[in-house]
Amino acid sequence: MLTWKTLLLQDSASPLMEQLSFFHDHTLMILVIITVLVGQLMIMLFFNQFIHRYLLEGQIIEIIWTILPAITLIFIAIPSLRLIYILDEINNPMITIKTIGHQWYWSYEYTDFKNIEFDSYMIPMNEMKNFNFRLLDVDNRIVIPYESQIRMLITAADVIHSWTIPSLGVKIDATPGRLNQISFSINRTGLFYGQCSEICGANHSFMPIVIESISPNYFIKWISKMIEI
Amino acid sequence: MPLAAAALKLEDLKTAPFDPRFPNTNQTRYCYQSYVDYHRCQKIRGQNYAPCDYFKKVFHSICPNAWVERWDQQREDGTFPGNI
Ligand SMILES: [Cu+2]
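Encoded structure:
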């Protein structure tokens, strides 16, 4: 979950987000090196004495500072492309969960076994308990077994929304008339928070997403309970 | 197929498999095609032909319930655009 001191990415809770975090750090390292180098060059240019009065061209330095950025870009592009294709991979999902964006709440469907449907509304401030997070907790959480491949299918009923869980590295648009698929698996139990990430109208800020990650055995119990209801 | 709640086990968790016809993020067609395939299968092989149920399981897993309801209504009214 995001708190006041979270300046960079949130702690990862899925293998994909781990890889994304590594990529972020790797790219940021290259960025810092370039910033320091360019900063030093600028300072040098400001304070030099214009010794090379008749300098017109320098073929070698031109070649070096053209080739070097190209090589640097390759070092960013290759891990980036690798990640893009890993993120798209879907390997034998255990369950399929559908989420439908509405103005302004999310609804969920588990239809692999029986038909389980529920809506997930934000808890308004006047109904909040002391332990709730303001603007972030919902009445019905999505329950998901951990360390299992989940296939998430996302669509919307009215306008475009976006279903997001930052600590899982998941962000995908919910488009009316289209089904988008994403797969992920969660490393550990816990609660994972996210918010709608596509401006969808007046209450855009008030349709959060909460995942409750539990062990597969408890998930079975939960499913059985939900079927009875 | 009534599922007894107590009998539900971890091994029972099964869902529609990855379909190489639809390798992309966009799975709209997987849903629609399975729905059409199911009803075409029923039309050709009759109501009680068990292999058709595969498509039924797939479209129930993949399609949003609202879409299925709308298409069922359209089939009733005879306005379903697909070729069944
Ligand atoms: Cu929204």
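In the order they appear, the protein sequences are chains A and B. Under this note's numbering, the first residue of the first sequence is numbered 1, with each subsequent residue one higher. Under this note's numbering, the first residue of the second sequence is numbered 1001, with each subsequent residue one higher. The beta carbon of each residue, even a glycine, is placed where N, CA and C say it ideally should be. Nothing here was measured: the structure is a model prediction, and the numbers come from that model.
- Closer than 8 Å to the CB of proline 1064 of chain B there is at least one CB belonging to chain A.
- The beta-carbon of glutamine 1073 of chain B is placed no less than 8 Å from the nearest beta-carbon of chain A.
- Contact annotation: the region 73-92 of chain A touches the region 179-193 of chain A, with at least three C-beta pairs closer than 8 Å.
- The beta carbons of methionine 42 of chain A and leucine 168 of chain A sit about 41 Å from each other, so the pair does not count as a contact at 8 Å.
- Below the 8 Å Cβ cutoff, chain B contributes no neighbours of proline 15 of chain A, its closest Cβ being approximately 18 Å away.
- With its beta carbon at least 8 Å from every one in chain A, asparagine 1083 of chain B lies outside the interface.
- Between threonine 1015 of chain B and isoleucine 95 of chain A, the gap from beta carbon to beta carbon is short of 8 Å.
- For lysine 5 of chain A, there is no enclosing beta strand (DSSP E), as DSSP marks it with neither H nor E.
- Using a CB distance below 7 Å, the part of the region 1018-1039 of chain B facing chain A consists of Phe1018, Thr1025, Asn1026, Gln1027, Thr1028 and Cys1031, ordered along the chain.
- Here asparagine 1048 of chain B is not near leucine 179 of chain A, since their CB atoms are 8 Å or more apart.
- The nearest non-hydrogen atom of ligand 1 is less than 7 Å from the C-beta of methionine 207 of chain A.
- By the criterion of at least three beta-carbon pairs nearer than 8 Å, the region 216-225 of chain A is in contact with the region 138-151 of chain A.
- Inter-residue distance for asparagine 48 of chain A and leucine 8 of chain A is about 37 Å (C-alpha atoms, whole angstroms).
- With respect to chain A, the C-beta atom of lysine 1056 of chain B has no partner C-beta closer than 8 Å.
- For isoleucine 74 of chain A, the secondary structure class from DSSP, reduced to helix, strand or coil, is helix.
- In the DSSP assignment, glycine 101 of chain A forms a beta bridge with A:Trp106 and A:Ala156.
- DSSP, reduced to helix, strand and coil, places phenylalanine 131 of chain A outside both helices and strands of the structure shown, so it counts as coil.
- Along the region 100-112 of chain A, the positions whose C-beta sits under 8 Å from a C-beta of chain B are Ile100, Glu109, Thr111 and Asp112, read in chain order.
- Counting the other Cβ atoms within 10 Å of the Cβ of methionine 152 of chain A gives 16 or more, which makes it buried.
- Taking C-beta atoms as the reference points, tyrosine 108 of chain A and isoleucine 61 of chain A fail to come closer than 8 Å.
- With a threshold of 7 Å, the Cβ atom of glycine 101 of chain A counts as near ligand 1, since some heavy atom of the ligand is closer than that.
- Look at histidine 204 of chain A: its beta carbon is less than 7 Å from one of the heavy atoms in ligand 1.
- Contacts between threonine 1015 of chain B and chain A, judged by CB atoms closer than 8 Å, involve Pro93, Met94, Ile95, Thr96, Asp112 and Arg151 in chain order.
- Of the candidates B:Arg1021, B:Pro1023 and B:Gln1033, the residue whose Cα lies closest to the Cα of glycine 1082 of chain B is B:Gln1033.
- Beyond the five residues adjoining it in sequence on each side, aspartate 11 of chain A comes within less than 7 Å, by CB distance, of Ser167 in the same chain, given in chain order.
- Not a single CB atom of chain B sits nearer than 8 Å to the CB of isoleucine 63 of chain A.
- The DSSP-derived three-state label of arginine 188 of chain A is coil.
- Beta-bridge analysis with DSSP links serine 162 of chain A to A:Asp173.
- A distance criterion of 7 Å places the beta-carbon of tryptophan 4 of chain A beyond contact range of ligand 1, judged by its closest non-hydrogen atom.
- Beta-bridge pairing by DSSP links glutamine 195 of chain A to A:Pro208.
- Here glutamine 181 of chain A carries a strand assignment [DSSP, helix/strand/coil].
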